[in-house]
Amino acid sequence: MEHIAALLLVISCSQDLSGCREIPAPTPLFEVYEDCQAALPKAVSMLAPQHPRILAKCLEVDPALEDEYNQLTWNVLPNGMLDASLSVSSVVAVSEPAQPGEVYLH
Numbered sequence: 239m240e241h242i243a244a245l246l247l248v249i250s251c252s253q254d255l256s257g258c259r260e261i262p263a264p265t266p267l268f269e270v271y272e273d274c275q276a277a278l279p280k281a282v283s284m285l286a287p288q289h290p291r292i293l294a295k296c297l298e299v300d301p302a303l304e305d306e307y308n309q310l311t312w313n314v315l316p317n318g319m320l321d322a323s324l325s326v327s328s329v330v331a332v333s334e335p336a337q338p339g340e341v342y343l344h
């Protein structure tokens, strides 16, 4: 099984940064972080003709947590910089009790 070392996040924004959204990267996953960094300029130039403003960033992935990441958070700052991170959030699901007073955690 191949491990993921980096994720290429690409965001398209309006010229004034008033509206931004994620768009698919040509190649979103990389086994080596440096390969992501090398692919970033090409991805931006490939997507630029269809989008007014492109922001992109390679995010390091810890191979030990590869299957645990469940939250991608990003924000475009007023200065036009992209702030982004991958994280693991601990979510506890509670189901209906079978008997009154019982609670099952998953």
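Under my numbering, the residue at position 101 of the sequence shown is numbered 339, and the numbers go up by one with no gaps.
Virtual Cβ for every residue (Gly too), placed ideally from N, Cα, C.
Whole-Å CB distance - residue i paired with residue j, under 8 Å assumed
i: W312; j: L320; result: 6 Å
i: V314; j: L255; result: 6 Å
Selected residue, minimal CA-CA separation from residue i, among the options
i: E306; options: L315, P290, A294, L324; result: L324
i: P234; options: A277, F268, L246, Q275; result: It is not possible to answer for residue 234, since the shown part of the chain is limited to 239 through 344.
i: C296; options: L278, L315, G257, N317; result: L278
i: Q309; options: I292, D273, V299; result: V299
i: Y271; options: P316, P301, V314, A322; result: P301
i: T265; options: A281, G257, C258; result: A281
Cβ pair residue i, residue j closer than 9 Å
i: C260; j: I242; result: With the sequence shown as reference, residue 260 is identified as Glu, and Cys is not the correct amino acid for it. Result no, Cβ atoms of E260 and I242 do not sit closer than 9 Å.
i: L285; j: S327; result: no
i: A384; j: V248; result: Absent from the model: residue 384. The displayed extent of the chain is 239 to 344, so no value can be given.
i: C274; j: A244; result: yes
i: S252; j: P290; result: yes
Element boundaries [alpha helix (DSSP H), containing residue i]
i: D273; result: 271–285
Where the beta strand (DSSP E) through residue i begins and ends
i: T311; result: 309–314
i: D321; result: 320–325
i: E260; result: 258–261
i: A244; result: 244–251
i: L297; result: 291–298
Any non-hydrogen atom of the ligand SAM within 8 Å of residue i CB
i: A302; result: The ligand SAM is not part of this structure, which contains no ligands at all.
Closer than 9 Å to chain D by CB, residue i
i: I249; result: The structure shown has no chain D; it contains just one protein chain.
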